[in-house]
Ligand SMILES: Cc1cc2nc3c(=O)[nH]c(=O)nc-3n(C[C@H](O)[C@H](O)[C@H](O)COP(=O)(O)OP(=O)(O)OC[C@H]3O[C@@H](n4cnc5c(N)ncnc54)[C@H](O)[C@@H]3O)c2cc1C
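Numbering (this note's numbering), first residue to last: 5 to 366.
Okay, structure coming up:
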């Protein structure tokens, strides 16, 4: 089992609505540093499975830093992990968890925040709202869409926050049962008063698409639009570090043998220099091998780069390409606009040319 994962004890399970529960974890003192997080980040939880041993799923943290680490899980119809967690977890149980990850987090807390949440997409948004109100002085507007009144997660908490901060927080509830699905025109009209703010959106895919189209129509700049996609991980990020090292050794062996390019995808013919900025430190290496994924390479060098799914399905490992070229072997999450901005996935990026690659995790 990966040394980066932790067994956390469940302190409490709180029923939020008929189909969603919050799981409060106990974080032991020796894991406290690993579990520091930014509002909007998520945990990767290992759900026991008789089929696969462990099914990995991401769940966003709903609490602000400093409060008990909590995620909120909404049942997905016929979903495996979300129903298992809602049906089985009780205080005292232990769950295998990967430390917080993700880039769905405000960098500039002086900016006013225009937030959009649909259903369980409110979870990371809630951590952002609570942090903004408790720690900062910016204004927050939340457009919160739900199927019906009974499915509004955190309804009471949001009411209390809005009452306590009437000048800073405005919550606009949108109920499909009453108003139908919000249209692009309606969302655009709503957002038009806030085009100088910074937006964060999380919810079902059609909702996110409608929000993103409406913001685009308002010429809302891309660098002030953020979104988080809720997808299920296909692979198992709880794998062995040894597996990563073995994968690297096999890439190097293929390179040493200098045989055909069978095992190595197209790209440079030899090792490439890479400069990586991570957590304020610069790491420079000159032996990044063709076909080797950046995350695997950095781990083999002892650099703790962020990741979750390792399969190009989430964006926990997102990097910004400063110079040089990389090629992604797989990408299920970044959109053309992200690529145009130089965003790439560290877990899927391999060198594309012999030119030095410079990337930043900030
Ligand atoms: C960054 C991020 C943050 C997220 N945050 C949240 C959040 O805060 N709250 C929230 O509710 N959701 C969140 N999600 C979504 C969440 O990760 C899951 O996608 C969601 O809960 C649905 O998972 P599920 O297993 O119930 O459903 P599905 O993924 O639809 O489950 C069905 C799948 O499980 C497989 N399966 C069936 N039986 C088994 C078995 N016995 N063993 C193994 N596999 C089996 C099936 O083959 C099928 O593929 C987030 C996702 C991401 C990427």
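Glycine included, each C-beta is placed from N, C-alpha and C at the ideal position.
These numbers were taken from a predicted model, which means no experiment stands behind them.
Residue environment, residue 48, which counts as buried when at least 16 other CB atoms sit within 10 Å: buried
Stretch pair the stretch 173–181 + the stretch 152–159: three plus CB contacts closer than 8 Å: yes
3-residue-minimum beta strand (DSSP E) runs that sit fully inside the stretch 31–100, ordered along the chain: 46–53, 57–64 and 74–78
Outcome for residue 164 when other beta-carbon atoms lying within 10 angstroms are tallied against a minimum of 16: exposed
Per DSSP, cross-strand counterpart(s) of residue 174: 145
Residue 174 beta carbon near ligand 1 (any heavy atom closer than 7 Å): no
Inter-residue CB distance, residue 318 and residue 62 (contact presumed, cutoff 8 Å): 6 Å
Coarse secondary structure for residue 19, derived from DSSP in three states: strand
CB-CB length for residue 221 against residue 124, believed under 8 Å: With 8 Å as the limit, residue 221 and residue 124 do not qualify as a contact, their Cβ atoms being about 26 Å apart.
Cβ neighbour criterion (16 or more within 10 Å) applied to residue 250: The predicted model places residue 250 with a pLDDT of 44, which falls under 50 and marks its position as unreliable; any figure quoted below should be read in that light. Result: exposed.
Candidates 127, 60, 139 and 118: closest to residue 315 by CA position: 60
DSSP three-state assignment for residue 325, whether helix, strand or coil: strand
Contact check, residue 46 vs residue 64, beta carbons under 8 Å: yes
Per DSSP, cross-strand counterpart(s) of residue 150: 179
Cutoff 6 Å; reference residue 246; Cβ partners in own chain excluding five residues on either side: With a pLDDT of 39 at residue 246, under the threshold of 50, the modelled position of this residue cannot be trusted, and the question is left open.
Alpha-carbon spacing of residue 341 relative to residue 137, whole angstroms: 31 Å
Beta-carbon proximity check, residue 175 vs residue 191, cutoff 8 Å: no
Residue burial classification, residue 78 (beta-carbon count within 10 angstroms, cutoff 16): buried
Coil, strand or helix - residue 125 by DSSP: helix
C-alpha gap between residue 197 and residue 22, whole angstroms: 35 Å
Of the listed residues 189, 187, 183 and 134, nearest to residue 371 (C-alpha basis): The structure shown has nothing for residue 371, since the chain only spans 5 to 366.
Segment contact flag, the stretch 193–213 with the stretch 114–121, C-beta cutoff 8 Å, min 3 pairs: yes
CB of residue 297 within 8 Å of CB of residue 361, strictly: no
DSSP bridge partner residues for residue 362 (one or two, in chain order): 279 and 327
Beta-carbon spacing of residue 350, residue 313 below 8 Å: no
Separation of residue 140 from residue 113, as counted between CA atoms: 7 Å
Sheet register partners of residue 288 (DSSP bridge): 279
Completely contained alpha helix (DSSP H) runs for the stretch 186–255, where each covers 4 or more residues: 188–195 and 209–221
Residue 98, buried or exposed, once every other Cβ within 10 Å from all chains shown has been counted against 16: exposed
Alpha-carbon spacing of residue 30 relative to residue 103, whole angstroms: 13 Å
Local Cβ density within 10 Å of residue 357, reported as buried at 16 or more and exposed below that: exposed
Backbone CA spacing between residue 233 and residue 209 [nearest angstrom]: 7 Å
Backbone secondary structure at residue 108 - three-state DSSP: coil
Under the three-state DSSP convention, the category residue 132 falls into: helix
Residue 96 vs residue 14 beta-carbon contact at 8 Å: yes
Start and end residues, beta strand (DSSP E) containing residue 348: 347–349
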